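Undergrad: Numbering (the numbering used here), first residue to last: -17 to 417.
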RNA sequence: GUGGGCGUAGCUCAGCUGGUUAGAGCGCCAGGUUGUGGCCCUGGAGGUCGGGGGUUCAAGUCCCCUCGCUCACCCCA
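1) Report the start-end ranges of each beta strand (DSSP E) in the segment 330 to 366 that is 3 residues or longer and not cut off at the edges.
2) Comparing C-alpha positions only, which one of 178, 212, 191 sits nearest to residue 202?
3) Might you give, ordered along the chain, the residues of its own chain that have their beta carbon closer than 6 Å to the beta carbon of residue 210, omitting 5 neighbours on each side?
4) Verify whether the separation of the beta carbon atoms of residue 141 and residue 308 is less than 8 Å.
5) Kindly identify the DSSP beta-bridge partner or partners of residue 269.
6) By the three-class DSSP mapping on this structure, what secondary structure does residue -3 have?
7) Would you call the segment 273 to 282 in contact with the segment 244 to 260, where contact means no fewer than 3 C-beta pairs closer than 8 Å?
8) Which of helix, strand or coil does DSSP assign to residue 209?
9) Residue range of the beta strand (DSSP E) that residue 382 falls in?
10) Per DSSP, which residues does residue 152 bridge with? Please list them.
11) On the three-state DSSP scale, how would you describe residue 55?
12) Under 8 Å Cβ to Cβ from residue -16, same chain only, skipping five residues before and after it: list those, please.
13) Buried or exposed: where does residue 252 fall if 16 or more other Cβ atoms within 10 Å of its Cβ makes it buried?
14) Find out if the Cβ-Cβ distance for the pair residue 134, residue 291 is shorter than 8 Å.
15) Kindly confirm or deny that the segment 87 to 94 and the segment 16 to 25 touch, where touching means at least three C-beta pairs closer than 8 Å.
16) Residue 119 lies in the beta strand (DSSP E); which residues open and close that run?
17) Under the three-state reduction of DSSP, which class applies to residue 50: helix, strand or coil?
18) In the DSSP assignment, find the unbroken alpha helix (DSSP H) run with residue 428 in it and report its ends.
19) In three-state DSSP terms, what is residue -17?
20) Evaluate the contact criterion for the segment 315 to 333 versus the segment 286 to 300: three or more CB pairs, one atom per stretch, below 8 Å.
21) Do three or more CB pairs link the segment -3 to 5 to the segment 41 to 53 at distances below 8 Å?
22) Which stretch, first to last residue, makes up the beta strand (DSSP E) that contains residue 93?
Below, the structure is given as structure tokens:
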């Protein structure tokens, strides 16, 4: 295959992207709706920002020294020569929107958006993926950190998930981090020759990455490296303690992880990540977030605190599959019209049923009774409404239950809607009676 | 960017050491006393065996290249 087509010339979805067809698409959207209900009940309002921004928004916010901006961002000059970038993560865009519009503080926003990164696809990782997220601008209180973590945790639990864990850490702030980084770089410089090939040359650009390196060489060095959690200033230490207390108070289990590090420059203080224990694949991070008290300023606003998280919808769905929860059970039809008498009845009856608030569909192309009944069955409809020559001549419609054992009956065309409603009630009653 | 695995009907896959018109299950379509779905039976449609080149009397089966998918590293949701 070449040029975005298969070898027969038919185009296909780009590498790392996928089409979601019914009923998978239904499940995806249902998860978004769940999230909407969950966060709106906690005071968050939807924010929608463009899928592309001036590239500088991400360069300034996320920083140059990480893979997302450095080598994964879709960046291009448009026809006017403006440097634009497809949104690689959610927070920078939302904060840019805040700086531009200055909504009243505190501003609690949520979003569900596609993110694009030119990564090599693998299990549970795509070039276009989707995140559910929240951002709160204008609150420094550690109790908000607890709320934000709760929002994520309660959502996961609400999906029915139970096999996941929470790690939290702190990135310090401008008071304590610079001094710590200096110490860390000094320490690493003293062990430069012992680091892995990659970090031997890169440790100065992003020293905290080395702490996260999985290679044995780096691990041997970092065991005794200075830890940021031991060098937090008084305010950052107090903030972290308050968060831990709050999580304890809510009964949310967590692990304090000195090695929890993120590549984005904007993070300060609280950092957290939920990982699934049920996902077999390597990519098991469900949700990552943290505080970014310096980001608003970096994007041209006044110094204003902020915090948020992003949760991968695709990953959450994989976790749901792995745990056997949140099944796909799309709604079925109420009625399916079968017309073998020329279609004159079906073309009016189906719209009338829908106007009456019923979920209805019909067959086309004048197919046989058997074929139309098959479609009716496959549609999941509760009843089939059958119109043959006999019914067409007498102005009646046969109401045939498809999901229960009841008998079919012929009713006047004028009372079909009532008959369908009665059948729905009867079936619902029978179902309730069985369970 | 690096490495491994795989590419045969819409889907899941068989096709042994290269040899006649490439198969199965599911799905789809049409029939099974001339008006009724689900089960069952019968029949049918549907494949340039990812693409290109090479070896050979002969390749889905071997070799090379290429595209794609997939898994892992890196990083991340």
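All C-beta atoms, glycine included, are put in the ideal place defined by N, C-alpha and C. In this text the structure is predicted, and so the values were computed from the model without any measurement.
TA: With the given structure in hand:
1) 342 to 344
2) For the purposes of this step, residue 202 is identified with residue 220 of the first chain, where counting begins at 1. Of the candidates 178, 212, 191, the one whose C-alpha sits nearest the C-alpha of residue 202 is 178.
3) Position 228 of the first chain, counted from the start, is the residue given in the question as residue 210. Counting only Cβ-Cβ distances below 6 Å, and skipping sequence neighbours, we find 154, 162.
4) Working through the first chain from its first residue, we reach residue 141 at position 159. Working through the first chain from its first residue, we reach residue 308 at position 326. Yes, they are a contact pair.
5) Translated into the one-based positions of the first chain, residue 269 becomes position 287. DSSP lists 256, 293 as partners of residue 269.
6) Within the first chain, numbered from 1, the residue matching residue -3 stands at position 15. Three-state result, residue -3: coil.
7) yes
8) Sequence index remark: in the first chain, residue 209 carries index 227 (1-based). Correct three-state label for residue 209: coil.
9) By one-based count along the first chain, residue 382 stands at place 400. It spans 378 to 383 - the beta strand (DSSP E) in which residue 382 sits, taken as one unbroken run.
10) The residue given as residue 152 occupies position 170 in the first chain. BP columns for residue 152 point to 252.
11) Within the first chain, numbered from 1, the residue matching residue 55 stands at position 73. Coil, per DSSP.
12) Sequence index remark: in the first chain, residue -16 carries index 2 (1-based). Caution is warranted here: a pLDDT of 43 is assigned to residue -16, below 50, making its placement in the model unreliable, and no coordinate value can be reported.
13) Along the first chain, one-based indexing puts residue 252 at 270. Buried is the call here.
14) Translated into the one-based positions of the first chain, residue 134 becomes position 152. Translated into the one-based positions of the first chain, residue 291 becomes position 309. Yes, the pair counts as a contact, with Cβ atoms nearer than the cut-off.
15) yes
16) The count along the first chain starts at 1 and reaches residue 119 at position 137. Where residue 119 is concerned, the enclosing beta strand (DSSP E) stretches over 110 to 119.
17) What you label residue 50 is simply residue 68 of the first chain in a count that begins at 1. In the structure shown, residue 50 sits in a helix (DSSP, three-state: H, G or I).
18) Outside the displayed span of the chain (-17 to 417) sits residue 428, for which this structure offers no information.
19) Start at 1 with the first residue of the first chain, and residue -17 comes out as number 1. Caution is warranted here: a pLDDT of 42 is assigned to residue -17, below 50, making its placement in the model unreliable, and the coordinate value is therefore given only provisionally. It is coil, neither helix nor strand.
20) no
21) no
22) In the first chain, counting from the first residue as 1, residue 93 sits at position 111. Start and end: 89 to 98.
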